[in-house]
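Trainee: Encoded as structure tokens, here's the structure I'll be asking about.
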Amino acid sequence: MGKAEQGSLSLPRGVTLRHHKTGSTLVITFTYKGVLCRESLSKMDVSPRSMKYAERLLGEIQNQIAGGTFDYSNYFPGSKKLAMFGQVKKTKTIKAYLDEYLKICENRNLSPSTISGYEKCLQALSSLHKLQVTDLTPAVLKNWISTRKIKLKTIRNHLSFLRSAIDEAVTDGLLQINPVTLVSASRYHVIDSTPNTDDYEIDPFTPAEKNAIYQGCRYQEWQNIFRFAFNTGLRSSELCALRWADIDFIHNTAHVQTASVVGVIKGTKTKAGTRKVDLNGEALVALQNQKPITALKSDFIFSDPKTGSPWANSDAIRKKAWVPTLKKAGVRYRNPYQTRHTFATRHISEGVNLFWLAGQMGHKGPEMLFRHYGTYLAEYDGKTSKGVGLKK
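Position in the sequence shown (first residue = 1) + 164 = our numbering.
Now the structure itself:
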């Protein structure tokens with residue numbers, strides 16, 4: 165085998181030196197399965213003896229490659245190349261696979277809200293993080309499910325993310341079957357009999373509660389955004405992105421065409437979500453009270469009075485304004501989305517045209533109203549207002 169000169173040393177062919185702050189490291193170079201591989205012999209001092217060893221090691225590897233008996237993991241168990249050759253290190257954790265899958269999702273340019281949801285799933289699976297992926301069994305998953313005091317739908321979301329991540333372990337050849345696919349969340353989920361304030365239900369506010377909320381607002385800006393929400397049915401994410409240019413004060417309408425999701429302004433979720441919403445007297449009062457605050461300094465209508473900047477997202481409104489206001493007002497807590505339900509049920513009680521109401525809320529048609537507000541529709545069936553009502 166020929167020699168290669170590097171600095172003052174005469175190195176064997178295929179052996180080089182990698183210089184760094186604390187010294188130098190021997191590196192051997194070879195081709196395996198068409199891939200150029202460079203592996204460091206980091207635990208060896210650079211000396212004539214170690215260079216001779218590196219030369220013999222390289223020759224041994226090349227002979228095994230030629231004979232088809234080379235096992236990469238036997239020589240370099242910590243190498244990053246193992247995954248490429250289907251020889252993943254046996255100690256890879258579930259957290260490593262979750263991180264890997266999250267990176268794959270980020271590279272696919274998924275929406276910020278989707279990535280944010282996946283990050284929450286990753287955190288929710290924290291009790292499994294240190295477990296070796298080969299130790300993940302259906303029994304472990306059964307126990308994990310049974311200890312979750314959350315909604316079944318949420319558990320399924322977490323398991324869906326986990327299943328996709330563990331698919332990478334199957335691809336790497338570390339697992340034959342993804343164990344997540346063998347477990348049914350509904351079978352092992354323990355139903356909690358205690359009330360859960362996070363459960364989704366339609367629970368609108370009464371007129372007295374709305375007035376108490378307005379009175380409980382610490383800042384005028386809080387009152388303005390809540391009054392506008394109750395009287396337009398806009399989602400919190402749509403309120404964050406609403407601009408003064410979207411308001412037509414001649415025809416009294418608001419053009420809803422964007423939403424702020426995880427701090428990113430984007431189009432509405434569906435085509436029907438882009439709509440013109442009629443503004444009643446209460447909504448116009450909210451805008452008139454807001455004008456002196458933001459009209460001359462910002463494109464956006466509603467802002468956080470503590471920062472002077474537009475609201476970043478719906479979560480910021482909930483945590484910083486909604487929760488403290490309801491607490492001060494003495495109103496039983498419901499999430500901010502109930503302002504939208506309050507808007508819908510109030511109009512249903514008045515017997516409005518359901519096609520008009522569906523358009524105001526950004527639905528394709530009345531079908532969504534029947535799905536969510538069936539009991540209210542049954543209660544107020546027969547009332548009419550604004551043209552064709554609930555019945556012909």
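Virtual Cβ for every residue (Gly too), placed ideally from N, Cα, C.
When DSSP labels each residue in this structure, what does T336 get in the three-state scheme?
Mentor: Here the sequence assigns Asp to residue 336, which means Thr is not the residue at that position. Reduced to three states, the DSSP call for D336 is coil.
Trainee: Could you tell me which of K207, L490, F194 sits nearest to E224, measuring between CA atoms?
Mentor: Among K207, L490, F194, the Cα nearest to that of E224 is on F194.
Trainee: Got a sec: does the ligand FAD put a non-hydrogen atom nearer than 7 Å to the Cβ of L443?
Mentor: The ligand FAD is absent from the structure shown, which contains no ligands of any kind.
Trainee: Output needed for G281: all residues of its chain with C-beta closer than 7 Å, excluding positions within five of it in sequence on either side, in chain order.
Mentor: Excluding residues within five positions, none has a Cβ falling inside 7 Å.
Trainee: Could you pull out every residue in the same chain whose Cβ sits closer than 6 Å to the Cβ of S310, ignoring the five residues on either side in sequence?
Mentor: Closer than 6 Å at the Cβ level, and outside the excluded window around S310, lie Y352, V354.
Trainee: May I have the straight-line CA-CA distance separating K216 from T345, to the nearest angstrom?
Mentor: Going from the Cα of K216 to the Cα of T345 covers about 51 Å.
Trainee: Do you know whose CA, among L323, Y239, N321, N342, lies nearest D331's CA?
Mentor: If we check each option's Cα against that of D331, N342 comes out closest.
Trainee: Are three or more beta carbon pairs between the stretch 365-380 and the stretch 451-459 nearer than 8 Å?
Mentor: As far as the Cβ criterion goes, the stretch 365-380 does not touch the stretch 451-459, which means the pair count is below three.
Trainee: Return the first residue and the last residue of the beta strand (DSSP E) that V441 is part of.
Mentor: Unbroken beta strand (DSSP E) run through V441: 439-442.
Trainee: Is I341 helix, strand or coil by DSSP?
Mentor: Three-state DSSP puts I341 in coil, outside helix and strand.
Trainee: Which class does G187 belong to by DSSP, given the choice of helix, strand or coil?
Mentor: Correct three-state label for G187: strand.
Trainee: In angstroms, rounded to a whole number, what distance separates the CA positions of V334 and T503?
Mentor: Each residue's Cα considered, the two are about 46 Å apart.
Trainee: Just tell me which of S324, L262, H322, C269 has its CA closest to the CA of Q296.
Mentor: Ranking S324, L262, H322, C269 by Cα distance to Q296 puts L262 first.
Trainee: Can you tell which of N517, P302, M525, I512 has the C-alpha that lies nearest to the C-alpha of T539?
Mentor: Of the listed residues, the one whose Cα sits closest to T539 is I512.
Trainee: Which of the three DSSP states is assigned to Q228 in this structure?
Mentor: In this structure, Q228 counts as helix in the three-state DSSP scheme.
Trainee: Among D299, S324, A423, which has the Cα closest to the Cα of K284?
Mentor: Looking at the Cα atoms, S324 is the closest of the given residues.
Trainee: Using 8 Å as the cut-off, can you tell me whether the stretch 262-277 makes contact with the stretch 312-322, which would need three or more C-beta pairs spanning the two stretches below that distance?
Mentor: Verdict: no, contact absent.
Trainee: In or out: V199 buried (at least 16 other Cβ within 10 Å) or exposed?
Mentor: Looking at its Cβ environment, which holds fewer than 16 other Cβ atoms inside 10 Å, V199 is exposed.
Trainee: Could you compute how far the alpha carbon of S400 sits from the alpha carbon of Y501?
Mentor: Their Cα atoms are separated by approximately 7 Å.
Trainee: Taking the CB atoms as reference points, tell me whether V191 and R177 lie closer together than 8 Å.
Mentor: Contact flag unset, no.
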